[in-house]
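Q: Numbering-wise (the numbering used here), the sequence shown opens with residue -12 and increments by one. Glycine included, each C-beta is placed from N, C-alpha and C at the ideal position.
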Amino acid sequence: MRIHCPHCGDRSVDEFMQFGAAGLVRPHPDAGLQAYVDYVYLRDNPAGPHRELFQHIGGCRAFLSVWRDTRTHQIHGVEVVAPAFVGQDGPGGQRSQEVQP
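In structure tokens, the structure reads:
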């Protein structure tokens, strides 16, 4: 499977880390134990188009929202959901220049 990174172009899925369904919201701290149990263990397993969160760990490190059909693995769209950075933290903890989409 190949994912089109808006910054780096078409890349192998091996360059990405998948974080599961995009749009999951952590329960409020006061929500109680059952809300956290449901959040951790009760996940949908859709058959068909589904929005998932990936990070391009083998490239620009951007977080991407990917619309993917879970039956065919066909990618229907990709959006950047967080900025990407070039390089690592520099001297004094300064971050390298941000990549613009």
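Based on the DSSP output, what are the partners of H60 in its beta bridges?
A: Beta-bridge pairing links H60 to no other residue.
Q: If the criterion is Cβ atoms closer than 7 angstroms, does the pair L40 and F6 meet it?
A: For L40 and F6, yes; Cβs fall inside 7 angstroms.
Q: Determine which residues share a DSSP beta bridge with F50 and list them.
A: Per DSSP, Q42 and A69.
Q: Alpha carbons only, please: which of T59, G46 and H63 is nearest the one belonging to V53?
A: Comparing Cα-Cα distances from V53 to each of T59, G46 and H63, the minimum goes to H63.
Q: Start and end of the alpha helix (DSSP H) containing A18?
A: No alpha helix (DSSP H) contains A18, which DSSP labels as neither H nor E.
Q: Give the range of the beta strand (DSSP E) segment to which C(-5) is assigned.
A: First-last for C(-5): undefined, no H or E at that position.
Q: Does DSSP classify A22 as helix, strand or coil?
A: Residue state, collapsed to three classes: helix.
Q: Does the Cβ-Cβ distance between C47 and H(-9) come in under 7 angstroms?
A: Against a cut-off of 7 angstroms, the Cβ pair of H(-9) and C47 comes out as no contact.
Q: Leaving out the 5 sequence neighbours to the left and right, which residues in its chain are closer than 7 angstroms to T57 when beta-carbon positions are compared?
A: Hits under 7 angstroms: P33, A34, G35 and H37.
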